[in-house]
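Read top to bottom, the protein sequences are chains A and B. Quick note: the first sequence uses our numbering, first residue 1, plus one each step. Quick note: the second sequence uses our numbering, first residue 567, plus one each step. Since the structure comes first, as structure tokens, the remarks are kept for the end.
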Amino acid sequence: MLFHEILIVGGGLAGMRAAIEAAKKVKDVAIVSRVHPMRSHSGEAQGGINAALANVEAGKDDNLDKHAFDTIKGSDFLADQDASEYLTYHGPETIFEMEHWGCPFSRTPEGKVAQRPFGGAGYPRTCYATDKTGLYLLQTLYEQIIKANIKVYEEWVVFALGHENGNCYGIIAYDPNSGELVPMGANAVIFGTGGIGRIYANTTNALTNTGLAMGAPFWAGVPLKDIEFIQFHPTSLARSHILMTEGCRGEGGYLINNKGERFMKNYVSEKVMELGPRDIVSRSIQTEINEGRGFPDGSIHLDLRHLGAAKIMDRLPGIRDICLSFIGIDPIYEPIPITPGTHYSMGGVDTDIDGACRMKGLYAAGECACVSMHGANRLGGNSLLDTIVYGAKAGKKASEYVEDKEKGPKTKVLDEALKKEESKIAQWKKGTGEGNPYKIKNELSEVMVEGFGIFRNEQAMVKGLSKIKELKEKSKKLRPAFNGKKYNYDVIGFYDMQGNLDVAEAIATGAIARKESRGSHFRTDFKTRDDANWLKHTLAYFTETGPRLDYSPVKITKYKPEERKY
Amino acid sequence: MVEFNIFRYDPDKGGEPYFQKYQFEPEKGMTILEGLTYINENLDPSVAYRASCREAVCGSCAMHINDMYRLACKTQISVMGSKITLRPLSHLPILKDLVVDLNPFFGHFKVIKPYFIPKEQPPQKEYIQSIAQRKKIDAWLDCILCGACYGSCPVAGKDENYLGPHALLKALRFVDDSRDGGAKERIAVVARDNGIFRCHTVFNCQKVCPKDLDPSGAIARLKMKTVFRKF
Numbered sequence: 001m002l003f004h005e006i007l008i009v010g011g012g013l014a015g016m017r018a019a020i021e022a023a024k025k026v027k028d029v030a031i032v033s034r035v036h037p038m039r040s041h042s043g044e045a046q047g048g049i050n051a052a053l054a055n056v057e058a059g060k061d062d063n064l065d066k067h068a069f070d071t072i073k074g075s076d077f078l079a080d081q082d083a084s085e086y087l088t089y090h091g092p093e094t095i096f097e098m099e100h101w102g103c104p105f106s107r108t109p110e111g112k113v114a115q116r117p118f119g120g121a122g123y124p125r126t127c128y129a130t131d132k133t134g135l136y137l138l139q140t141l142y143e144q145i146i147k148a149n150i151k152v153y154e155e156w157v158v159f160a161l162g163h164e165n166g167n168c169y170g171i172i173a174y175d176p177n178s179g180e181l182v183p184m185g186a187n188a189v190i191f192g193t194g195g196i197g198r199i200y201a202n203t204t205n206a207l208t209n210t211g212l213a214m215g216a217p218f219w220a221g222v223p224l225k226d227i228e229f230i231q232f233h234p235t236s237l238a239r240s241h242i243l244m245t246e247g248c249r250g251e252g253g254y255l256i257n258n259k260g261e262r263f264m265k266n267y268v269s270e271k272v273m274e275l276g277p278r279d280i281v282s283r284s285i286q287t288e289i290n291e292g293r294g295f296p297d298g299s300i301h302l303d304l305r306h307l308g309a310a311k312i313m314d315r316l317p318g319i320r321d322i323c324l325s326f327i328g329i330d331p332i333y334e335p336i337p338i339t340p341g342t343h344y345s346m347g348g349v350d351t352d353i354d355g356a357c358r359m360k361g362l363y364a365a366g367e368c369a370c371v372s373m374h375g376a377n378r379l380g381g382n383s384l385l386d387t388i389v390y391g392a393k394a395g396k397k398a399s400e401y402v403e404d405k406e407k408g409p410k411t412k413v414l415d416e417a418l419k420k421e422e423s424k425i426a427q428w429k430k431g432t433g434e435g436n437p438y439k440i441k442n443e444l445s446e447v448m449v450e451g452f453g454i455f456r457n458e459q460a461m462v463k464g465l466s467k468i469k470e471l472k473e474k475s476k477k478l479r480p481a482f483n484g485k486k487y488n489y490d491v492i493g494f495y496d497m498q499g500n501l502d503v504a505e506a507i508a509t510g511a512i513a514r515k516e517s518r519g520s521h522f523r524t525d526f527k528t529r530d531d532a533n534w535l536k537h538t539l540a541y542f543t544e545t546g547p548r549l550d551y552s553p554v555k556i557t558k559y560k561p562e563e564r565k566y
Numbered sequence: 567m568v569e570f571n572i573f574r575y576d577p578d579k580g581g582e583p584y585f586q587k588y589q590f591e592p593e594k595g596m597t598i599l600e601g602l603t604y605i606n607e608n609l610d611p612s613v614a615y616r617a618s619c620r621e622a623v624c625g626s627c628a629m630h631i632n633d634m635y636r637l638a639c640k641t642q643i644s645v646m647g648s649k650i651t652l653r654p655l656s657h658l659p660i661l662k663d664l665v666v667d668l669n670p671f672f673g674h675f676k677v678i679k680p681y682f683i684p685k686e687q688p689p690q691k692e693y694i695q696s697i698a699q700r701k702k703i704d705a706w707l708d709c710i711l712c713g714a715c716y717g718s719c720p721v722a723g724k725d726e727n728y729l730g731p732h733a734l735l736k737a738l739r740f741v742d743d744s745r746d747g748g749a750k751e752r753i754a755v756v757a758r759d760n761g762i763f764r765c766h767t768v769f770n771c772q773k774v775c776p777k778d779l780d781p782s783g784a785i786a787r788l789k790m791k792t793v794f795r796k797f
């Protein structure tokens, strides 16, 4: 049976940074990744990564505490403040580490790392490499993985954990090249599987970002924390929902309604305008659309024309390229039609500040995890920082954890876990064969936009939840086609669908229970934040009959919750 | 109506590869990748292909589409016409249908030491690099390792040891970086028989690159650097 002292699930930024850190201490570290590391969704991040470097004149008064405060205020005070502080205090050293590994950041005239303004931040704090920061960071870490000679199981998809008595002993993975389910033993497992955007129809996320990213820990009894908090990015390209970076507005882009008006002045102060935090800007855009001030195709315009060709080519070349290729528009001459799109999950697999889960030997970092440092709304530019800072931390803690552990797989536990998955698949094969898993996936994604989108209310959410339960019932009748063993995307699609349905149900249940508005969770029937009753984290535990909710306190260090105004 | 004519090969079943036809009504603005998704979800879940970002950044979906290697996600059905033929990348072993084994491709990539080799001890903060120095590497950075150049390269087809346009371009990305100190060792690697001098300057790589990069130009620049080093 395969065994590695530490197994990392996911080869994006969090997973690779965890692997590099773990390998400093532990020889036998391997990555299992659903896609080749260079295909990871981290590479689609565009605008930048936050750190209070004070490299540009307008940011000279910036410091680590101001970054922490902006993050906590942005979170609508749901973040654990020690986690936000740990994140922001490690910002500068993280940027320098990436730079020392060759990351090609854009430069200031003095030759330092360039920084641009981003939403919800008091200073230009977002370090960038044109508008391809995620891609260049991903290249940088993949290069280090090659240098450190860390083994990667490419395109293996993890379906389940092997665990016993609250201890994690490995994973069950599908190897598409052999077509087999493979048990893999480990003394510690780190999840860095990314986001779940594909649960929603209007997502900026890659096709591979499904509920399965959190499925295996969730099914194994690890709770999902604050999973009802889903970020809607203000600017995704009409139709395809490809991300249009916040950097567009950071560089001075305007949001314009069908009256030709820069409408953000009606929602935030004139000083902030388009650079409000994402939850507020998305709600403003959706309000304009809902009240009839959108364009005939249902969009709002992101206008870059006044920036001029030179600035667009220098700072936003990738955005121009995407617009030309995918919608036939050149933003130098035409405004870009956008709508808000489902972008990021603030919630995720519950971890403590060390990245450790409520299961010994299991860790999580990056978007799939919830430490929580982003609370109810993440600031743009903080997620790339999160992946690297907390990826490294989880890697370090896991390497300490395995130190005194006996090497070798717990074969009995893993064999049982394997049998469980095999019988699950056998059960599916016995389905009556009504329906199509992709139709259920697509229908679910519409239900989520309808019921659990930017504006939520009791009635629509209850309707949405009953629809989710209905789809779950329907999914039990399906029978996979299972054409052959190798590269059987049908079996992966089945697990994706299960992950989508179960995580969607957790989002729905958490959202219905939380009777307040906070950050990205905005209820038209409870419009204000309610700290007396709801300054607490939601914990959703998987059960066969639907998620069981519990709550845990929010860690406050020195920032007293206050009204959030921009 | 559009007709997709897809290369099929199933190692489980053995036998010869063949082409299978699928017809459907495309939506306005539909890409080749969305067409494949449509086929997968509605007509035949057994067609194997790679896809992830659907926005030309992850490099998963490079394949031969009608006359050229392209990214399926970046190619509009309407531009390709009503008959569309899809084949896997050339010069690499076929695993199933449109999925090829990329191990040889990444194997070559790893040979050129594709990681930063510091020139000096890193400073306390960042290395200082001028805007002009940073600009010098700009043209070599955006490679997404999709393999379109490799599939289109006749030399890669003849010589499996040839490092390939992707690996050579990556070598220049570091050679031209003012902060990197590994130029000498990298040039020693790319100047071997299976490196830059194997390139026949056919320009296919430059023609097909979905990120509009110029591996031919990069190889020419490496040749120049190598020759000048000899004197």
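Glycine included, C-beta positions come from ideal geometry on N, C-alpha and C.
Asked                                                                                                                              : Found
Beta carbon proximity, C719 (chain B) to chain A, threshold 8 Å                                                                    : no
Assumed close pair M359 (chain A), H163 (chain A) - CB separation to whole angstroms, cut-off 8 Å                                  : 6 Å
Residues of its chain near A615 (chain A), where Cβ-Cβ distance is below 7 Å and the 5 sequence neighbours each way are ignored    : Shown here, chain A extends from 1 to 566; a query on residue 615 (chain A) therefore has no answer.
N50 (chain A) - partner residues in DSSP beta bridges                                                                              : A:T126
Spatial neighbours of I631 (chain B) in its chain, beta-carbon cut-off 7 Å, leaving aside the 5 residues before and after          : I598, A638, T641, M646, I650 and L652
Span separating the alpha-carbon of I605 (chain B) from that of Q589 (chain B)                                                     : 9 Å
Interfacial residues, the region 612-640 of chain B to chain A, with Cβ spacing under 7 Å                                          : S612, A614, A617, S618, C619, R620, E621, A622, V623, C624, G625, S626 and K640
Neighbourhood of N522 (chain A) by C-beta distance below 8 Å, restricted to the same chain and skipping five residues each side    : Note that residue 522 (chain A) corresponds to Phe in the displayed sequence, not to Asn. These residues qualify, in order along the chain: D279, R283, I454, F455 and R456.
Integer-rounded CB distance, given that G391 (chain A) should sit under 8 Å from A365 (chain A)                                    : 5 Å
C-beta contact flag for I388 (chain A) and R107 (chain A) at 8 Å                                                                   : no
DSSP-derived helix/strand/coil call for I230 (chain A)                                                                             : strand
Per DSSP, cross-strand counterpart(s) of A30 (chain A)                                                                             : A:L7 and A:K151
Spatial neighbours of A23 (chain A) in its chain, beta-carbon cut-off 7 Å, leaving aside the 5 residues before and after           : V29, A148 and I150
Chain B residues whose Cβ lies nearer than 7 Å to that of F96 (chain A)                                                            : K691 and E692
Cross-chain neighbours of Y575 (chain B) in chain A, by beta carbon under 8 Å                                                      : Within 8 Å Cβ-Cβ: nothing; Y575 (chain B) doesn't reach chain A, min ~11 Å.
Beta carbon proximity, P659 (chain B) to chain A, threshold 8 Å                                                                    : no
Residues of its chain near V666 (chain B), where Cβ-Cβ distance is below 7 Å and the 5 sequence neighbours each way are ignored    : P654, L655, L658, P659 and I660
Cβ neighbour criterion (16 or more within 10 Å) applied to E143 (chain A)                                                          : buried
Which of helix, strand or coil DSSP assigns to R529 (chain A)                                                                      : coil
Check whether A186 (chain A) and L384 (chain A) have beta carbons under 8 Å apart                                                  : no
Buried or exposed (CB count within 10 angstroms, at least 16 for buried), A426 (chain A)                                           : exposed
Contact under 8 Å by Cβ, Y128 (chain A) with P104 (chain A)                                                                        : no
Cβ neighbours of E5 (chain A) in the same chain (closer than 6 Å, five flanking residues each side left out)                       : V26, D28, N187 and V402
CA nearest to the CA of R116 (chain A), picked from A:H100, A:T133 and A:E563                                                      : A:T133
Run of the beta strand (DSSP E) containing Y254 (chain A), from where it starts to where it stops                                  : Y254 to I256
Partners in chain B for I329 (chain A), counting only beta-carbon separations shorter than 8 Å                                     : Residues of chain B passing the Cβ test: none, with the nearest at roughly 12 Å.
Unbroken alpha helix (DSSP H) run spanning S284 (chain A), endpoints                                                               : R278 to N290
Three-pair Cβ contact test at 8 Å for the region 193-200 of chain A versus the region 366-377 of chain A                           : yes
Segment contact, 8 Å Cβ cut-off, at least three pairs: the region 550-559 of chain A with the region 472-487 of chain A            : no
CB contact below 8 Å: N745 (chain B) versus chain A                                                                                : Looking at the sequence provided, one finds Arg at residue 745 (chain B) rather than Asn. Closer than 8 Å: yes.
Cut-off 8 Å between Cβ atoms - residues of its own chain near T528 (chain A), not counting five sequence neighbours on either side : E516 and S517
Beta-carbon proximity of D175 (chain A) to W156 (chain A), cut-off 8 Å                                                             : yes
Alpha-carbon spacing of H374 (chain A) relative to D70 (chain A), whole angstroms                                                  : 11 Å
Proximity winner among A:L465, A:S372 and A:K397, relative to V554 (chain A) (alpha-carbon distances)                              : A:S372
Extent of the continuous beta strand (DSSP E) run through H241 (chain A)                                                           : It is not in any beta strand (DSSP E) - H241 (chain A) carries neither H nor E in the DSSP assignment.
Cβ neighbour criterion (16 or more within 10 Å) applied to V113 (chain A)                                                          : buried
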